[in-house]
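Written below as C-alpha coordinates is the structure these notes are about.
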(Lines of atoms letter the chains of each structure in order from A and count residues from 1; the text may use other names and numbers.)
(Lines give C-alpha, C1' and ligand atoms only; values in the text may rest on other atoms or scores of the structure.)
Protein backbone atom coordinates (compact mmCIF):
# COMPACT_ATOMS: atom_id res chain seq x y z
CA UNK A 1 0.00 0.00 0.00
CA UNK A 2 1.24 3.55 -0.70
CA UNK A 3 2.03 5.81 2.22
CA UNK A 4 -0.58 8.29 3.41
CA UNK A 5 -1.15 11.17 0.98
CA UNK A 6 0.94 14.26 1.48
CA UNK A 7 -0.85 17.38 2.77
CA UNK A 8 -1.63 20.08 0.24
CA UNK A 9 0.63 22.54 2.07
CA UNK A 10 3.59 20.13 2.23
CA UNK A 11 6.66 22.25 1.50
CA UNK A 12 9.94 20.98 2.99
CA UNK A 13 12.96 23.19 3.38
CA UNK A 14 15.53 22.58 0.67
CA UNK A 15 19.25 23.12 0.99
CA UNK A 16 19.61 26.72 -0.30
CA UNK A 17 23.04 25.87 -1.71
CA UNK A 18 21.61 23.08 -3.86
CA UNK A 19 20.85 23.78 -7.52
CA UNK A 20 17.10 23.59 -8.13
CA UNK A 21 15.86 21.38 -10.93
CA UNK A 22 12.89 23.65 -11.59
CA UNK A 23 13.47 26.98 -13.31
CA UNK A 24 11.01 29.67 -14.39
CA UNK A 25 9.20 27.21 -16.69
CA UNK A 26 9.59 23.70 -15.32
CA UNK A 27 12.72 21.60 -15.75
CA UNK A 28 14.84 22.14 -18.81
CA UNK A 29 18.20 20.94 -20.11
CA UNK A 30 20.12 19.16 -22.85
CA UNK A 31 18.34 15.99 -23.94
CA UNK A 32 19.77 12.69 -22.64
CA UNK A 33 21.91 14.56 -20.12
CA UNK A 34 20.89 15.01 -16.50
CA UNK A 35 18.43 16.38 -15.56
CA UNK A 36 16.76 15.84 -18.94
CA UNK A 37 17.41 12.11 -19.09
CA UNK A 38 15.24 9.03 -18.68
CA UNK A 39 16.44 8.34 -15.14
CA UNK A 40 15.42 11.78 -13.89
CA UNK A 41 12.13 11.66 -15.82
CA UNK A 42 11.29 8.31 -14.21
CA UNK A 43 12.02 9.69 -10.77
CA UNK A 44 10.05 12.85 -11.46
CA UNK A 45 7.05 10.73 -12.43
CA UNK A 46 7.37 8.74 -9.21
CA UNK A 47 7.72 11.87 -7.05
CA UNK A 48 5.00 13.92 -8.73
CA UNK A 49 2.71 10.89 -8.70
CA UNK A 50 3.39 10.45 -5.00
CA UNK A 51 2.70 14.13 -4.32
CA UNK A 52 -0.59 14.25 -6.24
CA UNK A 53 -1.84 10.81 -5.17
CA UNK A 54 -4.38 11.85 -2.55
CA UNK A 55 -7.91 10.64 -1.96
CA UNK A 56 -9.58 7.34 -2.77
CA UNK A 57 -10.36 7.98 -6.46
CA UNK A 58 -8.44 6.64 -9.46
CA UNK A 59 -5.71 9.16 -10.06
CA UNK A 60 -4.97 10.38 -13.57
CA UNK A 61 -2.22 12.32 -15.34
CA UNK A 62 -2.30 13.73 -18.88
CA UNK A 63 1.01 13.68 -20.78
CA UNK A 64 1.60 15.66 -23.98
CA UNK A 65 4.71 16.62 -25.89
CA UNK A 66 6.04 18.60 -28.83
CA UNK A 67 7.87 17.08 -31.80
CA UNK A 68 11.43 16.73 -30.45
CA UNK A 69 13.17 13.43 -30.97
CA UNK A 70 13.92 13.18 -27.25
CA UNK A 71 10.20 13.14 -26.48
CA UNK A 72 10.25 9.46 -27.43
CA UNK A 73 12.67 8.89 -24.54
CA UNK A 74 11.07 11.09 -21.89
CA UNK A 75 7.41 10.17 -22.48
CA UNK A 76 7.77 6.44 -21.63
CA UNK A 77 10.07 7.20 -18.69
CA UNK A 78 7.53 9.60 -17.17
CA UNK A 79 4.75 7.12 -17.92
CA UNK A 80 6.59 4.37 -16.06
CA UNK A 81 7.12 6.64 -13.07
CA UNK A 82 3.47 7.66 -12.83
CA UNK A 83 2.18 4.12 -13.36
CA UNK A 84 4.51 2.94 -10.60
CA UNK A 85 3.07 5.62 -8.32
CA UNK A 86 -0.42 4.28 -8.95
CA UNK A 87 -1.61 6.89 -11.44
CA UNK A 88 -3.41 6.19 -14.71
CA UNK A 89 -1.67 7.89 -17.64
CA UNK A 90 -3.50 9.47 -20.58
CA UNK A 91 -1.11 9.99 -23.51
CA UNK A 92 -2.16 12.58 -26.10
CA UNK A 93 0.94 12.93 -28.30
CA UNK A 94 2.09 16.20 -29.92
CA UNK A 95 -0.19 19.05 -28.82
CA UNK A 96 0.34 22.67 -27.74
CA UNK A 97 1.09 23.37 -24.09
CA UNK A 98 -2.27 25.15 -23.58
CA UNK A 99 -4.04 22.02 -24.81
CA UNK A 100 -2.47 20.03 -21.97
CA UNK A 101 -3.64 22.59 -19.43
CA UNK A 102 -7.14 22.45 -20.93
CA UNK A 103 -7.28 18.64 -21.03
CA UNK A 104 -6.02 18.37 -17.46
CA UNK A 105 -9.09 20.28 -16.32
CA UNK A 106 -11.65 18.81 -18.73
CA UNK A 107 -10.60 15.22 -17.98
CA UNK A 108 -10.59 15.96 -14.24
CA UNK A 109 -7.00 14.79 -14.06
CA UNK A 110 -4.85 15.27 -10.99
CA UNK A 111 -1.86 16.45 -12.99
CA UNK A 112 -0.85 17.53 -16.47
CA UNK A 113 2.62 17.17 -18.02
CA UNK A 114 4.01 18.85 -21.13
CA UNK A 115 7.31 17.61 -22.53
CA UNK A 116 8.80 20.59 -24.35
CA UNK A 117 11.62 23.11 -24.29
CA UNK A 118 9.32 25.68 -25.91
CA UNK A 119 11.36 27.94 -28.21
CA UNK A 120 14.72 26.18 -27.70
CA UNK A 121 16.38 24.03 -30.32
CA UNK A 122 15.82 20.27 -30.60
CA UNK A 123 18.93 19.51 -28.52
CA UNK A 124 17.10 20.70 -25.42
CA UNK A 125 13.94 19.44 -23.84
CA UNK A 126 11.88 20.27 -20.79
CA UNK A 127 9.06 19.12 -18.53
CA UNK A 128 6.27 21.45 -17.40
CA UNK A 129 3.73 20.43 -14.76
CA UNK A 130 0.14 21.60 -14.36
CA UNK A 131 -2.09 21.07 -11.34
CA UNK A 132 -5.71 19.87 -11.54
CA UNK A 133 -6.81 23.49 -12.05
CA UNK A 134 -4.73 23.73 -15.23
CA UNK A 135 -2.32 26.18 -13.60
CA UNK A 136 1.44 25.78 -13.50
CA UNK A 137 2.70 24.58 -10.15
CA UNK A 138 3.75 27.03 -7.46
CA UNK A 139 7.31 27.29 -6.18
CA UNK A 140 6.22 25.49 -3.00
CA UNK A 141 4.78 22.56 -4.94
CA UNK A 142 7.88 22.30 -7.12
CA UNK A 143 10.08 22.39 -4.01
CA UNK A 144 8.03 19.58 -2.47
CA UNK A 145 8.34 17.39 -5.58
CA UNK A 146 12.05 18.10 -5.83
CA UNK A 147 12.53 17.11 -2.18
CA UNK A 148 10.69 13.84 -2.82
CA UNK A 149 12.94 13.14 -5.80
CA UNK A 150 15.94 13.44 -3.50
CA UNK A 151 14.41 11.12 -0.90
CA UNK A 152 13.79 7.35 -0.76
CA UNK A 153 10.68 6.84 -2.90
CA UNK A 154 10.58 3.06 -2.74
CA UNK A 155 8.11 2.89 0.15
CA UNK A 156 5.74 5.33 -1.56
CA UNK A 157 5.19 3.34 -4.73
CA UNK A 158 2.02 1.41 -5.50
CA UNK A 159 1.47 -2.24 -4.63
CA UNK A 160 1.32 -4.58 -7.66
CA UNK A 161 -2.48 -4.63 -7.69
CA UNK A 162 -2.65 -0.82 -7.49
CA UNK A 163 -0.36 0.06 -10.41
CA UNK A 164 -1.76 2.57 -12.88
CA UNK A 165 -2.63 1.95 -16.50
CA UNK A 166 -1.63 3.85 -19.65
CA UNK A 167 -3.93 4.67 -22.57
CA UNK A 168 -4.01 7.02 -25.53
CA UNK A 169 -6.72 9.66 -26.06
CA UNK A 170 -7.27 9.67 -29.81
CA UNK A 171 -9.65 12.66 -29.97
CA UNK A 172 -7.40 15.01 -27.95
CA UNK A 173 -6.56 17.28 -30.96
CA UNK A 174 -10.24 17.66 -31.80
CA UNK A 175 -11.09 18.67 -28.25
CA UNK A 176 -8.49 21.44 -28.32
CA UNK A 177 -9.50 22.60 -31.80
CA UNK A 178 -13.11 23.05 -30.74
CA UNK A 179 -12.13 24.81 -27.51
CA UNK A 180 -9.94 27.33 -29.37
CA UNK A 181 -12.60 27.99 -32.02
CA UNK A 182 -15.12 28.75 -29.27
CA UNK A 183 -12.99 31.75 -28.32
CA UNK A 184 -13.54 33.35 -31.73
CA UNK A 185 -16.53 35.73 -31.73
CA UNK A 186 -19.73 34.13 -32.98
CA UNK A 187 -21.02 35.50 -36.26
CA UNK A 188 -17.52 36.38 -37.53
CA UNK A 189 -15.62 34.53 -40.21
CA UNK A 190 -12.09 34.67 -41.57
CA UNK A 191 -13.41 34.28 -45.09
CA UNK A 192 -11.50 36.52 -47.47
CA UNK A 193 -8.32 36.60 -45.35
CA UNK A 194 -5.14 34.94 -46.55
CA UNK A 195 -3.17 33.89 -43.48
CA UNK A 196 0.34 32.46 -43.33
CA UNK A 197 0.89 30.38 -40.19
CA UNK A 198 4.36 29.21 -39.15
CA UNK A 199 4.09 26.30 -36.71
CA UNK A 200 7.87 26.03 -36.12
CA UNK A 201 7.73 22.29 -36.98
CA UNK A 202 6.33 22.01 -33.47
CA UNK A 203 3.35 20.92 -31.44
CA UNK A 204 0.72 22.94 -33.36
CA UNK A 205 1.71 21.69 -36.82
CA UNK A 206 -1.68 20.04 -37.32
CA UNK A 207 -4.11 21.92 -35.08
CA UNK A 208 -3.22 25.54 -35.98
CA UNK A 209 -3.81 25.28 -39.76
CA UNK A 210 -6.99 23.29 -39.08
CA UNK A 211 -8.44 25.95 -36.76
CA UNK A 212 -7.75 28.77 -39.20
CA UNK A 213 -9.16 26.82 -42.17
CA UNK A 214 -12.31 25.81 -40.31
CA UNK A 215 -12.92 29.47 -39.42
CA UNK A 216 -12.85 30.35 -43.11
CA UNK A 217 -9.33 31.60 -43.82
CA UNK A 218 -7.23 30.80 -46.85
CA UNK A 219 -4.32 29.17 -45.02
CA UNK A 220 -0.69 29.07 -46.13
CA UNK A 221 1.04 26.74 -43.64
CA UNK A 222 4.80 26.62 -43.15
CA UNK A 223 6.86 24.86 -40.49
CA UNK A 224 4.50 21.87 -40.59
CA UNK A 225 6.91 19.04 -41.45
CA UNK A 226 8.53 18.02 -38.15
CA UNK A 227 11.29 15.42 -38.32
CA UNK A 228 12.36 15.43 -34.68
CA UNK A 229 15.34 17.75 -35.12
CA UNK A 230 14.01 20.78 -37.04
CA UNK A 231 11.75 22.28 -34.36
CA UNK A 232 12.30 26.08 -34.14
CA UNK A 233 15.15 25.81 -36.66
CA UNK A 234 15.08 28.99 -38.71
CA UNK A 235 11.34 29.30 -38.24
CA UNK A 236 8.63 30.10 -35.72
CA UNK A 237 8.36 33.03 -33.34
CA UNK A 238 12.10 33.16 -32.62
CA UNK A 239 13.00 33.41 -36.33
CA UNK A 240 10.15 35.32 -38.03
CA UNK A 241 12.10 36.15 -41.21
CA UNK A 242 10.75 33.05 -42.96
CA UNK A 243 7.20 34.05 -42.08
CA UNK A 244 7.70 37.63 -43.26
CA UNK A 245 9.14 36.44 -46.58
CA UNK A 246 6.21 34.10 -47.18
CA UNK A 247 3.68 36.82 -46.32
CA UNK A 248 5.21 39.10 -48.92
CA UNK A 249 5.58 36.31 -51.48
CA UNK A 250 1.95 35.18 -51.15
CA UNK A 251 0.59 38.68 -50.62
CA UNK A 252 -1.06 37.51 -47.44
CA UNK A 253 -3.08 39.72 -45.13
CA UNK A 254 -1.24 38.66 -41.98
CA UNK A 255 1.28 36.15 -40.70
CA UNK A 256 1.17 34.14 -37.47
CA UNK A 257 4.32 32.70 -35.89
CA UNK A 258 4.10 30.16 -33.07
CA UNK A 259 6.95 28.54 -31.18
CA UNK A 260 7.67 24.87 -30.60
CA UNK A 261 4.92 24.33 -28.03
CA UNK A 262 2.60 27.07 -29.37
CA UNK A 263 2.33 29.02 -26.12
CA UNK A 264 4.09 31.97 -27.76
CA UNK A 265 2.93 34.23 -30.61
CA UNK A 266 4.43 36.86 -32.87
CA UNK A 267 2.78 38.36 -35.93
CA UNK A 268 3.79 40.14 -39.07
CA UNK A 269 1.58 42.48 -41.02
CA UNK A 270 0.96 42.45 -44.76
CA UNK A 271 4.23 44.33 -45.36
CA UNK A 272 6.26 41.70 -43.48
CA UNK A 273 6.89 43.93 -40.45
CA UNK A 274 7.05 41.97 -37.18
CA UNK A 275 4.54 42.71 -34.42
CA UNK A 276 5.74 41.74 -30.92
CA UNK A 277 3.89 40.71 -27.79
CA UNK A 278 3.64 44.26 -26.43
CA UNK A 279 1.78 45.48 -29.51
CA UNK A 280 -0.50 42.43 -29.39
CA UNK A 281 -1.27 43.10 -25.73
CA UNK A 282 -2.14 46.71 -26.57
CA UNK A 283 -4.38 45.65 -29.45
CA UNK A 284 -6.32 43.08 -27.45
CA UNK A 285 -6.61 45.49 -24.50
CA UNK A 286 -8.03 48.19 -26.79
CA UNK A 287 -10.44 45.74 -28.41
CA UNK A 288 -11.67 44.28 -25.14
CA UNK A 289 -11.96 47.68 -23.48
CA UNK A 290 -14.14 48.92 -26.37
CA UNK A 291 -16.44 45.91 -25.99
CA UNK A 292 -16.45 46.07 -22.17
CA UNK A 293 -14.67 42.72 -21.86
CA UNK A 294 -11.43 43.89 -20.23
CA UNK A 295 -11.40 43.20 -16.50
CA UNK A 296 -9.27 44.51 -13.67
CA UNK A 297 -8.78 47.98 -15.10
CA UNK A 298 -5.52 47.06 -16.75
CA UNK A 299 -3.08 44.51 -18.10
CA UNK A 300 -0.30 42.44 -16.55
CA UNK A 301 3.11 42.33 -18.23
CA UNK A 302 6.69 41.74 -17.17
CA UNK A 303 9.59 44.07 -16.48
CA UNK A 304 10.69 43.47 -20.08
CA UNK A 305 7.67 45.17 -21.66
CA UNK A 306 8.33 48.46 -23.42
CA UNK A 307 7.58 51.77 -21.71
CA UNK A 308 5.59 52.68 -24.81
CA UNK A 309 3.02 50.02 -23.84
CA UNK A 310 2.74 51.49 -20.36
CA UNK A 311 2.19 54.97 -21.76
CA UNK A 312 -0.39 53.74 -24.27
CA UNK A 313 -2.41 51.99 -21.59
CA UNK A 314 -2.19 54.98 -19.25
CA UNK A 315 -3.64 57.19 -21.99
CA UNK A 316 -6.65 54.85 -22.03
CA UNK A 317 -7.01 55.06 -18.26
CA UNK A 318 -5.58 51.55 -17.82
CA UNK A 319 -2.86 50.31 -15.48
CA UNK A 320 0.12 48.17 -16.45
CA UNK A 321 0.99 45.80 -13.61
CA UNK A 322 4.57 44.59 -13.99
CA UNK A 323 5.92 41.30 -12.70
CA UNK A 324 9.13 39.33 -13.07
CA UNK A 325 9.79 37.36 -16.24
CA UNK A 326 7.85 34.13 -16.68
CA UNK A 327 4.28 33.51 -17.76
CA UNK A 328 3.61 31.70 -14.48
CA UNK A 329 4.27 34.96 -12.62
CA UNK A 330 2.12 36.84 -15.11
CA UNK A 331 -0.74 34.45 -14.39
CA UNK A 332 -0.34 34.82 -10.64
CA UNK A 333 -0.42 38.62 -10.92
CA UNK A 334 -3.48 38.48 -13.18
CA UNK A 335 -5.36 36.55 -10.53
CA UNK A 336 -4.17 38.91 -7.80
CA UNK A 337 -5.33 42.03 -9.70
CA UNK A 338 -8.47 40.51 -11.21
CA UNK A 339 -7.18 40.97 -14.78
CA UNK A 340 -8.13 38.72 -17.69
CA UNK A 341 -5.28 39.79 -20.00
CA UNK A 342 -1.55 39.53 -19.49
CA UNK A 343 1.61 38.49 -21.25
CA UNK A 344 5.19 39.08 -22.23
CA UNK A 345 6.92 41.02 -24.95
CA UNK A 346 8.27 37.69 -26.23
CA UNK A 347 4.74 36.62 -27.12
CA UNK A 348 3.55 34.57 -24.15
CA UNK A 349 -0.03 35.82 -23.90
CA UNK A 350 -2.57 34.66 -21.31
CA UNK A 351 -6.26 35.23 -21.97
CA UNK A 352 -7.85 33.85 -18.83
CA UNK A 353 -11.35 33.92 -20.32
CA UNK A 354 -10.18 31.13 -22.63
CA UNK A 355 -7.40 29.30 -20.79
CA UNK A 356 -5.07 29.12 -17.82
CA UNK A 357 -1.72 29.49 -19.56
CA UNK A 358 -0.14 31.16 -22.58
CA UNK A 359 -1.89 30.24 -25.83
CA UNK A 360 -0.48 31.62 -29.08
CA UNK A 361 -3.33 30.38 -31.25
CA UNK A 362 -6.09 31.72 -28.99
CA UNK A 363 -4.37 35.12 -28.91
CA UNK A 364 -3.96 35.12 -32.69
CA UNK A 365 -7.70 34.61 -33.12
CA UNK A 366 -8.40 37.71 -31.02
CA UNK A 367 -6.11 39.73 -33.30
CA UNK A 368 -7.76 38.32 -36.41
CA UNK A 369 -11.18 39.19 -34.99
CA UNK A 370 -10.03 42.79 -34.51
CA UNK A 371 -8.76 42.90 -38.11
CA UNK A 372 -12.11 41.59 -39.39
CA UNK A 373 -14.25 43.89 -37.25
CA UNK A 374 -12.15 46.96 -38.02
CA UNK A 375 -11.99 46.26 -41.75
CA UNK A 376 -8.47 47.68 -41.93
CA UNK A 377 -5.10 46.24 -42.91
CA UNK A 378 -3.04 44.47 -40.29
CA UNK A 379 -0.40 47.22 -40.48
CA UNK A 380 -3.02 49.74 -39.40
CA UNK A 381 -4.71 47.50 -36.83
CA UNK A 382 -1.68 46.06 -35.05
CA UNK A 383 0.46 49.17 -34.56
CA UNK A 384 -0.96 50.63 -31.36
CA UNK A 385 1.92 52.71 -29.99
CA UNK A 386 5.39 53.99 -30.78
CA UNK A 387 7.85 51.91 -28.76
CA UNK A 388 10.60 53.56 -26.76
CA UNK A 389 14.01 52.52 -28.15
CA UNK A 390 14.97 49.25 -26.49
CA UNK A 391 17.94 46.95 -27.08
CA UNK A 392 18.37 43.39 -25.87
CA UNK A 393 21.59 41.41 -25.50
CA UNK A 394 22.82 38.28 -23.78
CA UNK A 395 26.05 36.77 -22.51
CA UNK A 396 26.52 33.01 -22.27
CA UNK A 397 27.93 31.77 -18.97
CA UNK A 398 29.22 28.33 -18.03
CA UNK A 399 29.96 28.65 -14.32
CA UNK A 400 29.36 31.16 -11.57
CA UNK A 401 27.09 34.09 -12.33
CA UNK A 402 28.98 37.35 -12.86
CA UNK A 403 26.04 39.40 -11.52
CA UNK A 404 27.39 39.39 -7.96
CA UNK A 405 30.76 40.78 -9.07
CA UNK A 406 31.40 44.31 -7.78
CA UNK A 407 32.62 45.52 -11.18
CA UNK A 408 29.36 44.45 -12.82
CA UNK A 409 27.20 45.94 -10.08
CA UNK A 410 29.06 49.24 -10.27
CA UNK A 411 28.65 49.34 -14.06
CA UNK A 412 24.91 48.73 -13.77
CA UNK A 413 24.55 51.45 -11.14
CA UNK A 414 26.47 53.90 -13.32
CA UNK A 415 24.25 53.26 -16.35
CA UNK A 416 21.08 53.56 -14.26
CA UNK A 417 22.27 56.87 -12.82
CA UNK A 418 23.10 58.19 -16.29
CA UNK A 419 19.59 57.43 -17.57
CA UNK A 420 17.77 58.70 -14.51
CA UNK A 421 14.03 58.82 -15.22
CA UNK A 422 14.51 58.71 -19.00
CA UNK A 423 15.40 55.04 -19.28
CA UNK A 424 15.74 51.60 -17.71
CA UNK A 425 18.43 48.97 -17.30
CA UNK A 426 17.48 45.38 -16.54
CA UNK A 427 20.02 42.59 -16.03
CA UNK A 428 18.88 39.08 -15.14
CA UNK A 429 19.88 35.45 -15.36
CA UNK A 430 17.76 33.48 -17.80
CA UNK A 431 15.53 30.89 -16.17
CA UNK A 432 15.69 28.55 -19.17
CA UNK A 433 19.19 28.90 -20.66
CA UNK A 434 22.75 29.53 -19.32
CA UNK A 435 22.58 33.20 -20.27
CA UNK A 436 22.73 36.59 -18.64
CA UNK A 437 20.14 38.75 -20.37
CA UNK A 438 20.58 42.49 -20.70
CA UNK A 439 17.87 45.01 -21.57
CA UNK A 440 18.46 48.75 -21.98
CA UNK A 441 15.67 51.19 -22.77
CA UNK A 442 15.67 54.97 -23.21
CA UNK A 443 14.60 57.90 -25.35
CA UNK A 444 17.93 58.22 -27.20
CA UNK A 445 18.54 55.17 -29.42
CA UNK A 446 22.28 55.70 -29.84
CA UNK A 447 22.73 56.11 -26.12
CA UNK A 448 20.77 52.91 -25.53
CA UNK A 449 23.01 51.02 -27.98
CA UNK A 450 26.17 52.37 -26.36
CA UNK A 451 24.93 51.42 -22.89
CA UNK A 452 24.09 47.88 -24.02
CA UNK A 453 27.52 47.46 -25.59
CA UNK A 454 29.27 48.64 -22.41
CA UNK A 455 27.26 46.41 -20.11
CA UNK A 456 27.50 43.24 -22.20
CA UNK A 457 31.23 43.85 -22.65
CA UNK A 458 31.83 44.14 -18.91
CA UNK A 459 29.65 41.12 -18.10
CA UNK A 460 31.40 39.05 -20.78
CA UNK A 461 34.80 40.03 -19.41
CA UNK A 462 33.86 39.21 -15.82
CA UNK A 463 32.14 35.95 -16.87
CA UNK A 464 35.36 34.82 -18.58
CA UNK A 465 37.28 35.57 -15.40
CA UNK A 466 34.93 33.86 -12.91
CA UNK A 467 34.30 30.85 -15.17
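Residue numbers (the numbering used here): 820 to 1286. From the three backbone atoms N, C-alpha and C, an ideal C-beta is built for every residue, glycine too.
C-beta atoms of residue i and residue j nearer than 8 Å
i, j, result
"residue 1031", "residue 1014", "yes"
"residue 907", "residue 984", "yes"
"residue 1214", "residue 1254", "yes"
"residue 1085", "residue 1093", "yes"
"residue 1017", "residue 1075", "yes"
"residue 903", "residue 967", "no"
"residue 917", "residue 884", "no"
"residue 988", "residue 953", "no"
"residue 1119", "residue 1153", "yes"
"residue 938", "residue 1161", "no"
"residue 900", "residue 868", "yes"
"residue 977", "residue 1012", "no"
Neighbour-count burial assignment, residue i, 16 or more Cβ in a 10 Å radius
i, result
"residue 879", "buried"
"residue 1165", "buried"
"residue 1068", "exposed"
"residue 1300", "No answer is possible for residue 1300: the residues shown for the chain start at 820 and end at 1286."
"residue 979", "exposed"
"residue 875", "exposed"
"residue 1129", "buried"
"residue 1172", "exposed"
"residue 1056", "buried"
"residue 1217", "exposed"
"residue 1082", "buried"
"residue 1232", "exposed"
"residue 1111", "exposed"
Beta-carbon proximity list for residue i, same chain, < 6 Å, skipping 5 on both sides
i, result
"residue 1125", "1097, 1206, 1207, 1209"
"residue 1150", "1169"
"residue 1270", "1234, 1259"
"residue 889", "850, 944"
"residue 1212", "1257, 1271, 1275"
Through-space distance from residue j to residue i, alpha-carbon basis
i, j, result
"residue 1185", "residue 852", "40 Å"
"residue 936", "residue 1087", "24 Å"
"residue 1243", "residue 1005", "42 Å"
"residue 1105", "residue 1095", "16 Å"
"residue 1140", "residue 1261", "20 Å"
"residue 959", "residue 965", "10 Å"
"residue 1237", "residue 1280", "22 Å"
"residue 1194", "residue 1072", "12 Å"
"residue 1114", "residue 972", "45 Å"
"residue 1109", "residue 893", "46 Å"
"residue 1282", "residue 1221", "5 Å"
"residue 1265", "residue 1272", "11 Å"
"residue 872", "residue 1077", "34 Å"
"residue 947", "residue 1138", "30 Å"
"residue 804", "residue 1049", "This structure does not reach residue 804, given that the chain is present from 820 up to 1286, and the question cannot be answered."
"residue 896", "residue 1268", "47 Å"
Sequence-distant residues of the same chain with beta carbon closer than 7 Å to residue i, five excluded per side
i, result
"residue 926", "879, 881, 909"
"residue 1277", "1226, 1227, 1230"
"residue 859", "853"
"residue 1038", "1014, 1016, 1028, 1031, 1032"
"residue 1000", "1030, 1033, 1034"
"residue 1300", "Within the shown structure, residues of the chain are numbered from 820 to 1286, placing residue 1300 beyond reach of any answer."
"residue 990", "none"
"residue 865", "900, 903, 904, 972, 976"
Chain-order list of residues whose beta-carbon lies under 8 Å from that of residue i (same chain, five-residue window excluded)
i, result
"residue 842", "1250, 1251"
"residue 1131", "1101, 1203, 1204"
"residue 1041", "1015, 1016, 1017, 1018, 1054, 1061, 1062, 1065"
Any non-hydrogen atom of the ligand ATP closer than 7 Å to residue i Cβ
i, result
"residue 1005", "Of ligands this structure carries none, so the ligand ATP is not represented either."
Inset, instruction - Write down every uninterrupted run of the beta strand (DSSP E) in the segment 948-1016 whose length is 3 residues or greater and which is fully enclosed by it, in chain order. - result: 985-987
Inset, instruction - Give, in chain order, every unbroken run of the alpha helix (DSSP H) that is at least 4 residues long and sits entirely within the segment 1214-1261. - result: 1225-1238
Inset, instruction - Scan the segment 830-917 and note each continuous beta strand (DSSP E) run of 3 residues or more that stays entirely inside, going in chain order. - result: 845-849, 878-884, 906-913
Inset, instruction - With a floor of 3 residues, list each beta strand (DSSP E) that falls wholly inside the segment 1050-1129, ordered by position along the chain. - result: 1073-1077, 1084-1087, 1117-1121
Legend entry - Complete runs of the alpha helix (DSSP H) confined to the segment 1137-1178 [at least 4 residues]: Within the segment 1137-1178, complete alpha helix (DSSP H) segments of at least 4 residues are found at 1146-1156, given in chain order.
Legend entry - Complete alpha helix (DSSP H) runs within the segment 1012-1042 (minimum length 4 residues, chain order): 1026-1033
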